[in-house]
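Only one structure is covered here, and it is reproduced in the block below.
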Amino acid sequence: MLTKRVIPCLDIDNGRVVKGVNFVDLIDAGDPVAIAKMYNKALADEIIFLDITASYEDRSIMLDIISKAANEVFIPLTVGGGIKSVDDFKQILNAGADKVSINSSAIKSPSLITDASLKFGSQCVVVAIDAKKNDSGNYDVYINGGRINTGKDALLWAKEVEKLGAGEILLTSMDRDGTRDGYELTLTNLISSNVSIPVIASGGVGNVKHLIEGITIGNADAVLAASIFHFNEITIRDAKSQMRDAGISVRL
11 MLTKRVIPCL
21 DIDNGRVVKG
31 VNFVDLIDAG
41 DPVAIAKMYN
51 KALADEIIFL
61 DITASYEDRS
71 IMLDIISKAA
81 NEVFIPLTVG
91 GGIKSVDDFK
101 QILNAGADKV
111 SINSSAIKSP
121 SLITDASLKF
131 GSQCVVVAID
141 AKKNDSGNYD
151 VYINGGRINT
161 GKDALLWAKE
171 VEKLGAGEIL
181 LTSMDRDGTR
191 DGYELTLTNL
201 ISSNVSIPVI
211 ASGGVGNVKH
221 LIEGITIGNA
231 DAVLAASIFH
241 FNEITIRDAK
251 SQMRDAGISV
261 RL
């Protein structure tokens with residue numbers, strides 16, 4: 011059985027970790043480097059940094075934060091937000107990141123997925139998909155921090171990014187983001203079951219049961235959470251222990 015990953019996500023806004031509900035109503039959760047250092051010691055399998063307003067505000071990537079965090083973190087570090095070119099990939103990887111996540115730029119320039127994959131390897135290319143259920147019951151893809159509905163179908167887009175060379179998908183349910191009601195398991199399973207690359211489930215975790223469901227029902231390869239870890243409601247070690255007791259293979 012393949013080991014499943016538990017990944018804390020650090021949403022960054024103006025150099026601080028923030029947390030909101032449905033992509034809005036952000037509250038401060040702390041210093042990103044200090045939090046990353048804490049998670050490095052807490053048995054996190056990876057850490058994801060997402061500059062959630064970089065694309066919307068059309069500004070450059072947070073290389074200083076990445077560099078400082080990379081000096082303190084010795085587990086894989088994924089960085090996203092504001093990446094527009096292969097050169098941006100190069101800068102982020104040179105700053106110490108292991109993977110780069112793209113969202114808006116992948117929609118606007120799908121060739122970036124292929125170009126980055128060919129240059130750095132598909133394992134470095136993560137495509138983030140922010141999806142929201144529409145009136146017909148399907149899922150639309152949103153960009154610019156959830157502000158723009160592209161009209162693209164999430165399943166079709168997931169299949170396309172795999173063909174273009176992405177090595178992983180970070181799948182976030184906008185409907186569940188910050189609600190603590192659990193992952194959108196129908197969406198998670200829909201994507202996970204129809205692509206062969208790993209899928210990270212994101213959006214809605216309120217307890218360890220939700221992490222377990224993301225893997226056992228959602229069929230995800232990794233589970234991401236923010237609030238329950240940021241605000242010390244449960245440690246990653248305790249979460250993994252409960253996941254292991256549920257029959258899930260995790261690194262301890």
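Position in the sequence shown (from 1) plus 10 gives the number in the working numbering.
We put the CB at the ideal spot given by N, CA and C, even for glycine.
What first and last residue would you give for the alpha helix (DSSP H) that runs through SER115? The sequence position of residue 115 within the sequence shown is 105, counting from 1. Note, SER115: alpha helix (DSSP H), 114–118.
Cβ shell of CYS134 (< 8 Å), same chain only, five flanking positions each side left out: Sequence index remark: in the sequence shown, residue 134 carries index 124 (1-based). So the qualifying residues of the chain are PHE99, LEU103, ASP108, LYS109, VAL110, ALA126, SER127 and GLY177.
Among ASN24, ALA232, VAL218 and LEU181, the one whose alpha carbon lies nearest that of ALA256: Position 246 of the sequence shown holds residue 256. Comparing Cα positions, the closest option is VAL218.
Can you give me the C-alpha to C-alpha distance between ALA116 and ILE222, rounded to a whole angstrom? Translated into positions along the sequence shown, residue 116 becomes position 106. Translated into positions along the sequence shown, residue 222 becomes position 212. The straight-line gap from Cα to Cα measures roughly 30 Å.
Burial state of LYS142, where buried means 16 or more other Cβ atoms lie within 10 Å: Taking the first residue of the sequence shown as position 1, residue 142 is located at position 132. LYS142 should be labelled buried.
Identify, in the order they occur along the chain, each residue of the same chain with its Cβ nearer than 6 Å to the Cβ of GLY213, setting aside the five sequence neighbours on each side. On the sequence shown, residue 213 is found 203 positions in, with the first residue counted as 1. Counting only Cβ-Cβ distances below 6 Å, and skipping sequence neighbours, we find THR182, SER183, ARG186 and ASP187.
Would you mind stating whether GLY192 and ILE123 have Cβ atoms separated by less than 7 Å? In the sequence shown, the residue the question calls residue 192 occupies position 182. In the sequence shown, the residue the question calls residue 123 occupies position 113. No, they are not a contact pair.
Just curious, the beta strand (DSSP E) that ARG15 is in, first and last residue? If you number the sequence shown from 1, residue 15 lands on position 5. Per DSSP, ARG15 belongs to the beta strand (DSSP E) from 15–23.
Span separating the alpha-carbon of ILE57 from that of ILE75: Here the question's residue 57 lines up with position 47 in the sequence shown. Here the question's residue 75 lines up with position 65 in the sequence shown. Taking the straight line joining both Cα atoms gives about 13 Å.
Can you tell me where the beta strand (DSSP E) with ILE85 in it begins and where it stops? Here residue 85 refers to the residue found at position 75 of the sequence shown. Note, ILE85: premise wrong, no beta strand (DSSP E); not H, not E.
Report the partner residues of ILE158 according to the DSSP bridge assignment. As a first step, residue 158 must be located in the sequence shown, where it is residue number 148. Bridge partners of ILE158: ILE153.
Contacts around TYR66, its chain only, beta-carbon distance under 8 Å, and the 5 residues preceding and following it disregarded: Locating residue 66 in the sequence shown gives position 56, counting from the first residue. Reliability fails at TYR66, whose pLDDT of 48 lies under 50, so the model's placement of it is uncertain and the value that follows must be treated cautiously. For TYR66, where only same-chain residues beyond five positions count, the Cβ hits under 8 Å are ASN154, GLY155 and ARG157.
DSSP on ASP61, reduced to helix/strand/coil? Working through the sequence shown from its first residue, we reach residue 61 at position 51. It is a strand residue.
Could you pull the DSSP bridge partners for LEU122 from this structure? Taking the sequence shown and counting its residues from 1, one reaches residue 122 at position 112. Partner(s): none; LEU122 has no beta bridge.
Can you check whether the CB of ILE139 is closer than 7 Å to the CB of ILE179? Within the sequence shown, residue 179 is the residue found at index 169, counting from 1. Within the sequence shown, residue 139 is the residue found at index 129, counting from 1. A contact, by the Cβ cut-off of 7 Å.
GLY91 versus GLY161: straight-line alpha-carbon distance, rounded: Taking the sequence shown and counting its residues from 1, one reaches residue 91 at position 81. Taking the sequence shown and counting its residues from 1, one reaches residue 161 at position 151. Each residue's alpha carbon lies about 21 Å from the other.
How would you call ALA54, buried or exposed, if buried means at least 16 neighbouring beta carbons within 10 angstroms? Position 44 of the sequence shown holds residue 54. So ALA54 counts as buried.
Thinking C-alpha only, which one of GLU82, THR189, SER119 and ASN81 is nearest LYS94? Locating residue 94 in the sequence shown gives position 84, counting from the first residue. If we check each option's Cα against that of LYS94, SER119 comes out closest.
PHE241 to ALA44, Cα distance in whole Å? The residue given as residue 241 occupies position 231 in the sequence shown. The residue given as residue 44 occupies position 34 in the sequence shown. Their Cα atoms are separated by approximately 14 Å.
Anyone know if the C-beta pair for VAL205 and GLU170 falls short of 7 Å? The residue labelled residue 205 in the question sits at position 195 within the sequence shown. The residue labelled residue 170 in the question sits at position 160 within the sequence shown. Cβ distance not < 7 Å, so VAL205 and GLU170 don't count as in contact.
Suppose the cutoff is 8 Å on Cβ atoms and the five residues either side in sequence are ignored; what does the same chain contact list for LEU12 look like? For this step, residue 12 is matched to residue 2 along the sequence shown. The answer, listed in chain order, is ASP231 and SER259.
Determine the direct distance from the alpha carbon of ARG190 to that of GLN101, and round the result to whole angstroms. If you number the sequence shown from 1, residue 101 lands on position 91. If you number the sequence shown from 1, residue 190 lands on position 180. When rounded, the distance between both Cα atoms is 35 Å.
PHE130 to ARG26 span [Cα, whole Å]: Counted from its first residue, the sequence shown places residue 130 at position 120. Counted from its first residue, the sequence shown places residue 26 at position 16. Those two C-alpha atoms are separated by around 29 Å.
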